[in-house]
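First the structure, in the form of structure tokens, and then the observations on it.
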Amino acid sequence: MAVPGKTNTLTDVTGLRVGQAEDASVQTGVTVILPDQRAVCAVDVRGGGPGTRETDALAAHTLVDAVDAVVLSGGSSYGLAAADGVAAVLGAQGRGFALMEIPGVPVSPVIPSAILYDLANGGDKAWGEAPPYHQLGKAALAAASHEVRLGRAGAGYGARAGSRMGGTGSASLVTADGITVAALVCINSFGSVTLPGSDVYWAWPWEIDGEFGGARPAADWSAEPEDWGAAKINPGARENTTIACIATDAALTPAQAQRLAIMAQDGLARAIRPVHTPFDGDVVFAVSTAARPLPEPVEFNLARLGSLAADCLARAVARGVHAAA
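Take the sequence shown: its position 44, counted from the start at 1, is 43 in numbering that gives the first Met the number 0, and no numbers get skipped.
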């Protein structure tokens, strides 16, 4: 039986820290997922309007087989500059990819990232030629620790989940044989995270120990096919996105990490309705810190991890919105 880890967050995975930074006046923020050592990473993109950086380099057939960090950011396309700030610091520390060491030639930090749209949330966006994301990336990296703040924190600081306050959520599971899988998510969805006309989360069947309030639907409740409840009224192209990172301490190849990311996307479908729309830029990264081997039979245990990852992601969505409220 799998149970939540000690903190019920992404940092229950051995070898990972998380940094979060916000600018309250701008109503935006950045989250950095920082592995202690370079880590295998993959990505799955399902939304119709994604904004990403260096995701092509994560394909299983490409040269680079590990990353130095993953960055999630608000700010729409401006937020991609957060990874520049992280790259500048890590490169100065000598962390990055190089085919060989050549005196005077810097390494190249590999930092895939994804952004969500929070430009219309009322914050002061009159930044001219100096958007805050480069510095926010540096600040989030400097804040990396084993603490993960939920709700209005990091990249989820200025987000909206349908017509509700969005935010940052996280959840973890540890299996009976000692494997840890966890999720961190920043929820800025077009779709609703709650059943129409109620405060019951769509993710309620996967809740553990009342971690997001314990509300349950009435016994005779049923879903109307076109009642989306608290979804956003006027969605705009690329104005909605849920971005997430799944992590495990099981050793995975890039192709196996890709399968984990694909299966984890089902967690968004369990927690948000509708999801993966033309208006959303939904992106899920999967990271392996390889602290323990993936048990045999490998294919079966990869399927286990994928199912648990989807459960964690659904719970993380509800935890993030619940904490923001």
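Heads up, the beta-carbon is just placed ideally off N, CA and C, and yes, glycines get one too.
### Task
Return the first residue and the last residue of the beta strand (DSSP E) that residue 168 is part of.
Residue 168 -> beta strand (DSSP E) spans 166-173.
### Sheet register partners of residue 244 (DSSP bridge)
In the DSSP output, where bridge partners are listed per residue, residue 244 has 183, 284.
### Message
Going by beta-carbon coordinates alone, are residue 316 and residue 51 separated by less than 8 Å?
### Response
No; because the gap between Cβ atoms is not below 8 Å, this pair is not in contact.
#### Entry: C-alpha gap between residue 318 and residue 155, whole angstroms
If I take the Cα positions, the gap works out to 12 Å.
### Task
Kindly identify the DSSP beta-bridge partner or partners of residue 239.
Partner(s): 279.
### Query
Excluding sequence positions up to five away, which residues of its chain have a Cβ less than 7 Å from the Cβ of residue 0?
Here the set comprises 175.
### Message
Looking at the strands, I want to know which residues DSSP matches up with residue 34.
### Response
Note: residue 34 sits in a beta bridge opposite 15.
### residue 53 burial status per 10 Å Cβ neighbour count (16 or more: buried)
By the neighbour-count criterion, in which 16 or more other beta carbons inside 10 Å mark a residue as buried, residue 53 falls on the buried side.
### Message
In whole angstroms, give me the CA-to-CA distance for residue 33 and residue 205.
### Response
For residue 33 and residue 205, the distance between alpha carbons rounds to 27 Å.
### Query
To the nearest whole angstrom, what separates the beta carbons of residue 312 and residue 258, a pair I think is in contact under 8 Å?
Between residue 312 and residue 258 a beta carbon distance of about 15 Å is seen, past the 8 Å cut, so the two are scored as non-contacting.
### Query
Of all the alpha helix (DSSP H) runs that stay within the bounds of the region 79-143, which reach a length of 4 or more residues?
Under the rule that a run must span 4 or more residues, the alpha helix (DSSP H) segments found entirely inside the region 79-143 read 80-91, 132-141.
### Message
Would residue 286 and residue 40 qualify as a contact pair, given that the criterion is a beta-carbon distance under 8 Å?
### Response
Contact: yes.
### Message
If contacts are defined as beta-carbon pairs under 8 Å, then residue 161 and residue 273 qualify, I think. What distance do you get, rounded to the angstrom?
### Response
About 10 Å separates the two Cβ atoms, so there is no contact after all.
### Message
Tell me the rounded alpha-carbon separation between residue 222 and residue 169.
### Response
Going from the Cα of residue 222 to the Cα of residue 169 covers about 27 Å.
### Query
Between residue 44 and residue 109, which are expected to be in contact by the criterion C-beta below 8 Å, what is the C-beta distance as a whole number of angstroms?
Beta-carbon to beta-carbon, residue 44 and residue 109 are separated by about 18 Å, too far to satisfy the 8 Å threshold.
### Task
Using 10 angstroms around the beta-carbon of residue 75, count the other beta-carbons present and answer buried if the total reaches 16, otherwise exposed.
A buried status is given to residue 75, since no fewer than 16 other beta-carbon atoms sit within 10 Å of its beta-carbon.
### Task
Report the partner residues of residue 193 according to the DSSP bridge assignment.
Its beta-bridge partners are 200.
### alpha helix (DSSP H) segment containing residue 260, residue limits
Following the DSSP letters along the chain, one finds residue 260 inside the alpha helix (DSSP H) bounded by residues 253-270.
#### Entry: Reduced DSSP category for residue 155 - H, G, I as helix; E, B as strand; rest coil
The answer is helix: DSSP assigns residue 155 an H, G or I state.
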